[in-house]
Amino acid sequence: DTGVSQDPRHKITKRGQNVTFRCDPISEHNRLYWYRQTLGQGPEFLTYFQNEAQLEKSRLLSDRFSAERPKGSFSTLEIQRTEQGDSAMYLCASSPGKSQGEKLFFGSGTQLSVL
Amino acid sequence: QQQVKQSPQSLIVQKGGISIINCAYENTAFDYFPWYQQFPGKGPALLIAIRPDVSEKKEGRFTISFNKSAKQFSLHIMDSQPGDSATYFCAASPAYQLIWGAGTKLIIKP
């Protein structure tokens, strides 16, 4: 399977703990995106990478959130000092990077529950 | 100005019927309008997309109608099947990020 993979699929943590999620995009894709989705809502944009460069970050994103994409391959999303409001599905997507509006390929997400 | 408003929130359609979901946007800078389908426990998957230089795009049973002057676009699913039961999201793109609607939960009754 050469789709976007995310790990772990589920994460349960206690408030105040740090968590890290991993995303492996489709190998030839240059762009990588992180979105957050809560129940009954559409995905909310968090951040976007072109190769290893983080080009855009949502202004709504707390500084407790940080993302990296070393060497332009896989990406990690870290949430420090988790809060109950961080409970959501965290989705990673990748795209070829050939045009401004193009098909995003999503992974199945990491479901985070903060107790 | 960054919002995309989607309706209805939920929709029940008989098998073989036409499912219609509507979206409206405000920002005239949006230039890419995709529809995504999402099944429980999965990420969204692109269904069909349109750019504002055309008023309609059809792919199989799925059609997007686009009204630039009204700033509205809609998804039509012809001959709806039980396998189409899913949540559908419209979105609009001003640049590299997508602005998403809140979703429509579609149920096709056999």
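As they're listed, the protein sequences go chains A and B. Once you know that position 7 of the first sequence is 7 in the working numbering, the rest is easy, because the numbers rise by one and skip nothing. Numbers given in the working numbering equal positions in the second sequence, counted from 1, plus 115. The beta-carbon is built from N, C-alpha and C at its ideal position, and this holds for glycine as well.
Enumerate in chain order the residues of its own chain whose CB-to-CB distance from residue i is below 7 Å, with the five nearest sequence positions on each side excluded.
i	result
Phe157(B)	It is Lys, not Phe, that sits at residue 157(B) in the sequence shown. Excluding sequence neighbours, Lys157(B) sits near nothing in its chain.
Pro197(B)	Lys130, Ile223, Pro225
Short of 8 Å in beta carbon distance, which residues of its chain neighbour residue i, apart from the five on each side in sequence? Order them along the chain.
i	result
Lys186(B)	Ala139, Tyr140, Glu141, Thr143
Lys183(B)	Pro167, Ser170
Ser113(A)	His10, Lys11, Ile12, Thr13, Ser87
Under the DSSP definition of a beta bridge, which residues are partnered with residue i?
i	result
Tyr147(B)	Ser208(B)
Asp24(A)	Ser5(A)
Glu78(A)	Thr20(A), Ser66(A)
Arg36(A)	Glu44(A), Tyr90(A)
Ser58(A)	Note: Ser58(A) sits in no beta bridge, so no partner.
Ile214(B)	Ala207(B)
Glu83(A)	According to DSSP, Glu83(A) bridges with nothing at all.
Asn182(B)	Gln187(B)
Who are the neighbours of residue i on chain B, taking C-beta pairs under 9 Å?
i	result
Glu56(A)	Ala210, Tyr211, Gln212
Here's the rule I'm using: 16 or more other beta-carbon atoms within 10 Å means buried, otherwise exposed. How should residue i be labelled?
i	result
Arg36(A)	buried
Leu104(A)	buried
Ala53(A)	exposed
Ile214(B)	buried
Leu115(A)	exposed
Leu55(A)	exposed
His29(A)	buried
Pro252(B)	Past the edges of chain B, shown from 116 to 225, lies residue 252(B), and the structure says nothing about it.
Met193(B)	exposed
Glu44(A)	buried
Gln124(B)	exposed
Thr82(A)	buried
Asp199(B)	buried
Find the residues of chain A that neighbour residue i, judging by a C-beta separation of less than 9 Å, and give them in chain order.
i	result
Phe204(B)	Gly42, Pro43
Gly218(B)	Gly40, Gln41, Gly42
Kindly list the residues whose CB is nearer than 6 Å to the CB of residue i, restricted to its own chain and excluding five residues on each side of it in sequence; keep chain order.
i	result
Phe181(B)	Ile165, Ser170, Phe188
Ala207(B)	Val119, Tyr140, Phe145, Phe148, Ile214
Thr202(B)	Gln153, Gly218, Lys220
Gly72(A)	Asn51, Glu52
Phe65(A)	Ile79
Arg20(A)	With the sequence shown as reference, residue 20(A) is identified as Thr, and Arg is not the correct amino acid for it. The residues are Thr76, Glu78.
Glu195(B)	For the sequence presented, residue 195(B) should be read as Ser rather than Glu. Same-chain partners within the cutoff: Val128, Gly132, Ser134, Ile223.
May I ask you to check if the CB of residue i is nearer than 7 Å to at least one heavy atom of the ligand SAM?
i	result
Glu56(A)	In terms of ligand content, the structure shown is empty, and the ligand SAM therefore cannot be addressed.
List, in chain order, every chain B residue whose beta-carbon is nearer than 8 Å to that of residue i.
i	result
Ser108(A)	Gly156, Lys157, Gly158
Lys103(A)	Pro149, Leu161, Ala164
Gln100(A)	Asp146, Tyr147, Ser208, Ala210, Tyr211
Which bits of chain B does residue i rub up against, with CB to CB less than 7 Å?
i	result
Tyr90(A)	Near Tyr90(A) there are no residues of chain B at all, since even the closest Cβ is about 10 Å away, more than 7 Å.
Output the boundary residues of the beta strand (DSSP E) element that contains residue i.
i	result
Leu115(A)	No beta strand (DSSP E) holds Leu115(A); DSSP gives it neither H nor E.
Lys220(B)	219-224
Phe188(B)	187-192
His29(A)	Where His29(A) is concerned, there is no enclosing beta strand (DSSP E), given that its DSSP letter is neither H nor E.
Phe154(B)	That residue, Phe154(B), is in no beta strand (DSSP E); it is neither H nor E in DSSP.
Glu174(B)	171-174
Lys120(B)	119-122
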